[in-house]
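Reviewing the structure listed below.
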Amino acid sequence: MANNLKYTLENRRYVLSGAVIAVAIIFIIRLFYLQVIDNEYKTRADSNALLKKTLYPSRGMIYDRNGKLLVYNQPAYDIMLIMREIQPFDTLDFCQTVGLTKAQFVKRIADIKDRRINPGYSSYVPQAFMNQVSAQDYGVLQEKLYKFPGFYIQNRTIREYEYPNAALLLGNVGEVNKQDIAKDNYYVQGDLSGRAGVERSYESVLRGEKGVEILLRDAHGRIQGKYENGVYDVDPVSGKSLTLSIDMELQALGEKLMSNKVGSIVMIEPSTGEILCMVSSPNYDPNRLVGRRRGSEHAVLEKDPLKPLYDRSIMGVYPPGSTFKPAMGLIFLQEGAITPETFYSCAHGYPVLGGKPACHGHPSPLNLVPALATSCNAYFCWGLRDMIDSRRKYASVQIGLDTWKDHLTSMGYGFRLGVDLPSEKSGYIPNSKIYDRIYKGRWSSSTIISVAIGQGEVTATPLQICNMAASVANRGYFITPHVVKKIEGSQLDSLYTERRYTTVDNSYYEFIAEGMRGAVTSGTCRRAALPNIEVCGKTGTAQNPHGKDHSVFMGFAPYHDSKIAISVLVENAGFGATYAVPIGKLMLEKYFNGEISPENKYEEEYLTNLVVLPRNGII
Amino acid sequence: MASYNKGSIWSTVDWITILLYVVMVTAGWFSICGASYEVETLGWFDPSGRPGSQLIWIGLSFILIFIIMMLDADFYNVFAYLIYGLVILLLIATIFLAPDIKGSHSWLVFGPLRVQPAEFAKFATALALAKLMSSYGFKLSALKNIVLVLTIILTPLAIVLLQKETGSALVFLALFLVLYREGMTGYVLLAALCAVTFFVINMKYSDVMIGVTPLGELIVLCIIQTLIVMLTGIVRPNLLPVKILSGLSVAVFLVAYVVSFFIPVNFVWVTIGLLVASSCYLIFLMVKNWVWHYLLVVLFAVISVGFLYSVDYIFDDILEPHQQTRIKVSLGLEDDPSGAGYNVNQSKIAIGSGGLTGKGFLNGTQTKLKYVPEQDTDFIFCTVGEEEGFIGSAAVLILFTVFIVRLISLSEKQKTVFARVYGYGMASIFFFHLIINIGMVTGITPVIGIPLPFFSYGGSALWGFTILLFIFLRLDASRKER
């Protein structure tokens, strides 16, 4: 029994050795799981130890067509603090210096420390206390900074606008929102991007490429140096600069002339499609939407009943009124509904519908060129009737109208032109389906006659009206209007260099140009005349159901070998000839002569000081 | 004694174990380099950095080894109680003399030097235990001897607990493995294993409900029922009661399962009913056949169920809050990555990020950047895992396994009870350290801060383990000498 027991006890070494081996096997399986199978720990290790610090590129500059610097970067200052380094200090003094109340200060500190709001918080790492402090505030703080241990200044850049003009065109820069981040993974929370205008449409050019610096960070968040001596670091690439086609002097004059008025001026160089000025009034100083003030200033502008944030040149849709007539003439000629020698009678109105639409006094009957010069409503109503009601040419009125619409589309109406700015509106040209729906399929030219004179369902943006003038100036084609002339280091999109021919023969354009020339020499546009420059033009009075009619002018100059096209629209100003035409004339004079002649100075002064505001806009 | 030849000690010593020791100490030193910043700033050998100072400790260890080997083997037998007594006094003194370092009073500070006496209590206790159990006429079954053995093991444990070094205190429990080798019934270890298992399972699944049944309780009760059936077969070689009990269990569960489709059944009550029925049956057998062994089985059932339902009480009222948290985090009951779970979490990240082949020596980011706390002491294995990967860490585990198994086999070869008991004691201590330390860093066992032998930074630990090992090698060498 004793031997037996001894034998049993000796064998217990196997139990113990077995236990050791079993434990080792369990551990090895566990290690295999942790190290080889489960990948989660590897990714968590990287986010633990590697701090990827973003290096922000400087944003591209913006110049005007004459090389004037319009937009550049200005140093701004972020106030940073390292919680761990803070020592007791005069909170009141600090708050006064940076312009905070004690309560705001306490809340801000609490927010920084709150990991739900600020997940990356570490008391060892600089935290943003206040962003984009202006140079003035910075100067005051800088002197006192020694009194506030733990607070630091970090340099950043903000946009600075050299001129108080072209705010809508240039746009502004603000923090990206959630949708931007979802759309483009380039952005992270807190990044800046163009929010409007050129800043937005050329964001990818202007922003450059962010760089990254990979730093090793210890468990307390303290930086311990560069990872692998910086071989994985990427230097930031500065944004490319843009040269706009805008002439800032022209733009400034336009804005001045449009002050205290609501409306738009667009000028296009017909040979290139370059936009020389694009005024939308009212507007604001672009420097208001910079840095810390952006949020509150934006809110103020948003509440303004005159909608200064609304770029009327490309977003405002108005009935083109009589400025639509050149396009009508072209289509009627192309479709053979009229010839230049076709005469129509006018009885102070369109006789077919008993004198409606009405017309003003002029000789009758008349053919195309004088009809344009005198802006005869009846003529174009006749034209429309002879076109779309012609059953010999079109099997139905629907086909007639859709042909009409196709021509207009080729001229840039009814669809977005494709200007290189965000939020362009398309305007509206009705098609037969719309009228079929409205009139249950029973309609003719008489039913829809007001479209012939640019009223009714037809709407267009000031840019489209100006583009129409450009295509007449070119006698049959246009180049998609654009505001950026040159991108540093890359080519302009072919969209902005290729000619877009309309579906109307260029030979017909000569008659239209002649008619528009006639309007200036002897017709409705006489106030647009300039000495030595053969200005061609067309007035328009866009009926406005909400109030006084909008005054429109569309023109180009010179008559032959045209250099410039223009559209002017003044809301609620009544007849086109009253305000839009003289404003257009001054703009053309400035363009051709570089200055307003002394004899026109009075008119410039008068127009600048003129107040034409909608009644509901005056507070 | 006549043939005693001092020069021959190096020819009889077990060089394989010494080689394993040297390999582990070397690997440990490189791991400390990997875990230290100072390698880059101070250089490898600067004594003010940890690799440098560990190198000094390693060098001094070799002098220590020489002294241990030069002493007569009988010295350890003769002075075992004296050494034990002195160490116990030192431990007691430490409670009062030691400054508060991270809540524990276990470090004696002499200028720049810090010594942890608990590390030296391990070999002293093993020596005293060996001395007692090798004494003439010692039988473990005698009550007096049991009391003495428990006194020797539990005295240092209690004192170290008073120093607030729970981890080091628990190490002394490893010596129960020696008692098992020396004849203590395996049921004691089984009971301990059951207690730990029941506790862990009950805690881990305490909040999981299946229908109206708490899962943790059900699993534990089922294990108890299974053990009852098995024990019934073991205590008496009679298969009939086993068959009856098995059949009864299966039948009851089937019925309960079918019933559960119609009305909600709490299977805990079903199992308790089954346990009561089984116990009644066993008592009936005991009375009928007058076989008292079955009473033990019933006792086991009663104690187990009693233990299960007192676990909550133990947990809530006996353990301290930080210990509760540590255990809960370890069992995955609480996820608190910035608090108590931080260590384990970061340790798992560090090890897991090593992958198959590791990031390469000195290339670990997690350990170098101090994400892992105690990265060069208790959590040194993280550095191995991160820098050497699965291959390196598995190699270290295999190294330890070979080392401990070799120690067990050497211990078994000893001709004296003293050397054998000491050998088993030493092997058990190493084994315990391995389980707890690797278990802790891989997130299997609770965070109980004890060092990984020969790897963790620290002179006291290195010296403590070196003395522990080399006293045995000295005893082993004299076995062949004589």
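Each protein sequence line maps, in turn, to chains A and B.
Read in order, the letters of the first sequence are residues 1 to 619 in our numbering.
Read in order, the letters of the second sequence are residues 620 to 1101 in our numbering.
Glycine included, every Cβ here is placed at the ideal spot set by N, Cα and C.
Predicted model, so just to flag it, every value in this text is computed and none were measured.
Determine whether the Cβ of residue i lies closer than 8 Å to any Cβ atom of chain B.
i        : result
A/Val317 : no
A/Asp137 : no
A/Ser213 : Before going further, note that residue 213 of chain A is Glu rather than Ser in the sequence given. So no, A/Glu213 is outside the interface.
A/Ala2   : Note that A/Ala2 scores a pLDDT of 47, beneath 50, so its modelled location is shaky; the value from the coordinates is reported in the next line. Answer no: the Cβ-Cβ gap between A/Ala2 and chain B never drops below 8 Å.
A/Gln127 : no
A/Asp38  : yes
A/Ile21  : yes
A/Ser17  : yes
A/Ile619 : Low confidence applies to A/Ile619: its pLDDT is 35, below 50, so where it sits in the model is not reliable, and the reading given next is rough at best. Not one chain B Cβ lies under 8 Å of A/Ile619.
A/Ala299 : no
Using the C-alpha atoms, what's the distance from residue j back to residue i?
i         : j         : result
A/Ala167  : A/Val397  : 46 Å
B/Val991  : B/Ala969  : 7 Å
B/Phe881  : B/Pro860  : 32 Å
B/Thr631  : B/Ala1096 : 5 Å
A/Ile449  : A/Phe592  : 39 Å
A/Gly574  : A/Leu353  : 25 Å
B/Thr1002 : A/Pro236  : 35 Å
A/His560  : A/Ala473  : 8 Å
B/Leu709  : B/Ser723  : 16 Å
A/Ile596  : A/Leu530  : 11 Å
B/Ile891  : B/Val848  : 14 Å
A/Glu534  : A/Met516  : 11 Å
A/Glu604  : A/Ile399  : 48 Å
B/Ala745  : B/Ile702  : 11 Å
A/Glu335  : A/Met387  : 7 Å
B/Phe919  : B/Val815  : 15 Å
A/Ser682  : A/Pro308  : Residue 682 of chain A lies beyond the stretch modelled for chain A, which goes from 1 to 619, so this question has no answer here.
If we define contact as Cβ-Cβ less than 8 Å, is residue i a contact residue for chain A?
i         : result
B/Leu796  : yes
B/Ala621  : The predicted position of B/Ala621 is uncertain, since its pLDDT is 39 and thus under 50; no value can be drawn from it.
B/Glu1031 : yes
B/Gly925  : no
B/Ile1067 : no
B/Phe791  : no
B/Ala1013 : yes
B/Thr984  : yes
B/Leu1016 : yes
B/Ile1057 : yes
B/Ile1054 : yes
Kindly list, in the order they appear in chain B, the residues whose Cβ is closer than 9 Å to that of residue i.
i       : result
A/Lys42 : Ile968, Gly971, Ser972, Gly973 and Gly974
So what does DSSP say about residue i, is it helix, strand or coil?
i        : result
A/Asn600 : helix
A/Glu488 : coil
A/Ala196 : coil
B/Asp665 : coil
B/Asn962 : helix
A/Tyr202 : coil
A/Ala557 : strand
B/Ser650 : helix
A/Ile79  : strand
For residue i, return the contacting residues in chain A, with the cut-off set at a CB-CB distance below 7 Å.
i         : result
B/Thr1061 : Phe27, Arg30, Leu31 and Leu34
B/Phe588  : Since the first residue shown for chain B is 620 and the last is 1101, residue 588 of chain B is missing from the structure and cannot be characterised.
Rounded to the nearest angstrom, how far is the Cβ of residue i from that of residue j, given a contact under 8 Å?
i        : j         : result
A/Ser264 : A/Leu70   : In fact, because the Cβ distance is near 20 Å, the residues do not count as touching under 8 Å.
A/Asp420 : A/Ser201  : 5 Å
B/Thr996 : B/Ser1075 : 5 Å
B/Val790 : B/Phe1051 : 6 Å
Please list the partners that residue i has in chain B, where partner means a Cβ-to-Cβ separation under 7 Å.
i        : result
A/Arg620 : What is shown of chain A runs 1 to 619, which leaves residue 620 of chain A out entirely.
Determine, using beta carbons only, whether residue i comes closer than 8 Å to chain D.
i         : result
B/Ile1023 : In the displayed structure, chain D is absent; the protein chains listed are A and B.
Cβ closer than 8 Å: which chain B residues qualify as neighbours of residue i?
i        : result
A/Leu421 : Result: empty, since nearest Cβ-Cβ is about 48 Å, beyond 8 Å.
A/Ala252 : Going along chain B, no residue has its Cβ under 8 Å from A/Ala252, so there is no contact; the nearest lies around 57 Å.
A/Leu276 : Going along chain B, no residue has its Cβ under 8 Å from A/Leu276, so there is no contact; the nearest lies around 58 Å.
Name the chain A residues whose beta carbon is nearer than 9 Å to that of residue i?
i         : result
B/Phe1009 : Ile28, Leu31, Phe32, Leu34, Gln35 and Val36
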